[in-house]
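First the structure, in the form of structure tokens, and then the observations on it.
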Amino acid sequence: MDRRKFLNYVTLAGSSFALTSCIQGRNSNSSGEVSPLASPVVGNEPLKVGFVYIGPVGDFGWTYAHDLGRRHMEANLQDKVKTTFVENVNEGADAERVIRQLALDGNKLIFTTSFGYMNPTIKVAKEFPDLFFEHCTGYKRAANVGTYLGRFEEPRYLTGMIAGKMTKSNVIGFIGAYPIPEVIRGISAFAQGMRLTNAQAKVKVLWAQTWYDPAKEREAAQALFNLGADVLTQHTDSGAVVQFAQEKGIYAFGYNTDMSKFGQEAHLTSAINKWGKFYTDKALAVMTNTWKSQEVWDGIGQGMVDISPMNQAIPADVQQLINAKRDEFIQGTAHPFDGPVKDQKGVVRVPKGKVLDDKQQLAMDWYVEGIEGSIPKQKSDNNPI
7 MDRRKFLNYV TLAGSSFALT SCIQGRNSNS SGEVSPLASP VVGNEPLKVG
57 FVYIGPVGDF GWTYAHDLGR RHMEANLQDK VKTTFVENVN EGADAERVIR
107 QLALDGNKLI FTTSFGYMNP TIKVAKEFPD LFFEHCTGYK RAANVGTYLG
157 RFEEPRYLTG MIAGKMTKSN VIGFIGAYPI PEVIRGISAF AQGMRLTNAQ
207 AKVKVLWAQT WYDPAKEREA AQALFNLGAD VLTQHTDSGA VVQFAQEKGI
257 YAFGYNTDMS KFGQEAHLTS AINKWGKFYT DKALAVMTNT WKSQEVWDGI
307 GQGMVDISPM NQAIPADVQQ LINAKRDEFI QGTAHPFDGP VKDQKGVVRV
357 PKGKVLDDKQ QLAMDWYVEG IEGSIPKQKS DNNPI
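When you read off a place in the sequence shown, starting at 1, and then add 6, the result is the number in our numbering.
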């Protein structure tokens, strides 16, 4: 699920799962502007909105979070919108076919929610200049294509702070999907937060080479547990890691959505995505003929990412510490990569008084100090997952 891969910097191997796409209809329930379009808007008919998903809606992770956003939009706009989603869409030719079909089916606004959908989105958008497209995590825009992304590194930093306080072994396991800038950035932000509360702790990283495969995620969790990790976190989509932690009597963090249901005692909190307001706002923009192509990258302060309620096993003073840092992110007085920031070799990458800027974050291919292991190389630069 190469949804967040940046082709300028890394390459991802072939997809770890090939799932059959099925279309399901539902009728109910910044910065970087390019240029506005003056395309005619729908009148009394509901706005038709299409969504393309990389995984199953029931993954309780990335795709589930996007579908919660779709449902939020429906609940807010009710009969003003009619939505359709297509799940389990592989990147490449399959994605292009599905996006084009959604356009042919009359969807005025189409959200494509995986990085590997970027080029297919741009290609189809050229064929349908009167339609509007929003691509999640990409960097290519056009007059009728916008991009959006959450500042995942902010809640990652907060979970790292908690991990530093809750570990006893000082070994924290991180299960990554693929070594792309977004995942590397998240691992590093987590380590930054961890070192703020516990400079002795280390992050050990294992790569699952999949976005969603509960068996592989569990296997990676077991391997990290065997290495002494007593706190686990993930940049994968299923609840398998939290389930494993529950069984072993250790702690874990969920990702994308609140994963507490997979292990009430083990689950400390989740770094979550909240797409509903963005989806609602973009639909309203199309309806009112005010849509613009923009690069949107929003954080906790804008309501696009956050942490879920914290486990009461976390001491009250630690919760207060986390809430204080969260407030700083909201106010814009804190940054996950406030200098000085050193890499694994002790080289200062961000001097004191500076922060890692957006361009540097989007290209991040190095670990901060406190992380053990190296970053795997990729084989090519245009192979979608």
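Positions of the beta carbon are idealized from the N, C-alpha and C atoms, including for glycine.
Helix, strand or coil at residue i [DSSP, three-state]
| i | result |
| --- | --- |
| K208 | strand |
| E97 | coil |
| H141 | strand |
| K351 | coil |
| A258 | strand |
| A148 | strand |
| I193 | helix |
| D344 | strand |
| E375 | coil |
| Q30 | The predicted position of Q30 is uncertain, since its pLDDT is 41 and thus under 50; no value can be drawn from it. |
| A44 | At A44, the pLDDT of 39 sits below 50, so the modelled position is not reliable; the number obtained from the coordinates is stated separately. In this structure, A44 counts as coil in the three-state DSSP scheme. |
| N14 | With a pLDDT of 34 at N14, under the threshold of 50, the modelled position of that residue is not reliable, and the figure given next carries that caveat. DSSP places N14 in coil when its eight states are reduced to three. |
| S37 | With a pLDDT of 34 at S37, under the threshold of 50, the predicted position of this residue should be treated as unreliable, though the coordinate-derived value follows. S37 falls in the strand class under three-state DSSP. |
| D136 | coil |
| G64 | helix |
| N50 | coil |
| A81 | helix |
| I186 | coil |
| Q326 | helix |
| P220 | helix |
| G203 | Looking at the sequence shown, residue 203 is not Gly but Thr. Helix at T203. |
| T263 | coil |
| G245 | coil |
| A71 | helix |
| A369 | coil |
Residues that residue i bridges to, as DSSP identifies them
| i | result |
| --- | --- |
| V55 | T89 and L115 |
| V356 | V347 |
| V361 | D344 |
Start-to-end residues for the beta strand (DSSP E) that takes in residue i
| i | result |
| --- | --- |
| Q215 | Unbroken run through Q215: none, as it is neither H nor E. |
| I400 | No information on residue 400 is available, as it lies outside the stretch 7 to 391 that the chain covers here. |
| F180 | V177 to G182 |
For residue j and residue i, believed in contact at Cβ under 8 Å, the rounded distance
| i | j | result |
| --- | --- | --- |
| A369 | P187 | 6 Å |
| G305 | E160 | 5 Å |
| V361 | R355 | With a Cβ gap of about 11 Å, V361 and R355 do not count as contacting. |
| G152 | E140 | 5 Å |
| G56 | N94 | Contact flag wrong, Cβ pair sits at about 15 Å. |
| I392 | A227 | With the chain represented from 7 up to 391, any question about residue 392 goes unanswered, as that position is not in the structure. |
| A289 | L53 | 6 Å |
| G170 | T203 | 4 Å |
| F91 | Y59 | 6 Å |
| G309 | K283 | 6 Å |
| Q198 | F343 | 7 Å |
| P382 | W217 | With 8 Å as the limit, P382 and W217 do not qualify as a contact, their Cβ atoms being about 16 Å apart. |
| I377 | Q350 | 6 Å |
N- and C-terminal bounds of the alpha helix (DSSP H) containing residue i
| i | result |
| --- | --- |
| Q240 | No alpha helix (DSSP H) holds Q240; the beta strand (DSSP E) holding it covers V237 to H241. |
| Y3 | This structure cannot speak to residue 3, because the chain is shown only from 7 to 391. |
| T165 | E159 to M172 |
| I381 | That residue, I381, is in no alpha helix (DSSP H); it is neither H nor E in DSSP. |
| G338 | Unbroken run through G338: none, as it is neither H nor E. |
| L234 | The residue you asked about is not Leu; residue 234 is Gly in the sequence shown. Note, G234: premise wrong, no alpha helix (DSSP H); not H, not E. |
Cβ of residue i within 8 Å of any chain D Cβ
| i | result |
| --- | --- |
| F250 | Considering every chain present, this structure includes no chain D. It has just one protein chain. |
- [ ] Only counting runs of 4 or more residues, tell me where the alpha helix (DSSP H) segments fall wholly within the segment 265-319, in order along the chain.
- [x] 282-293
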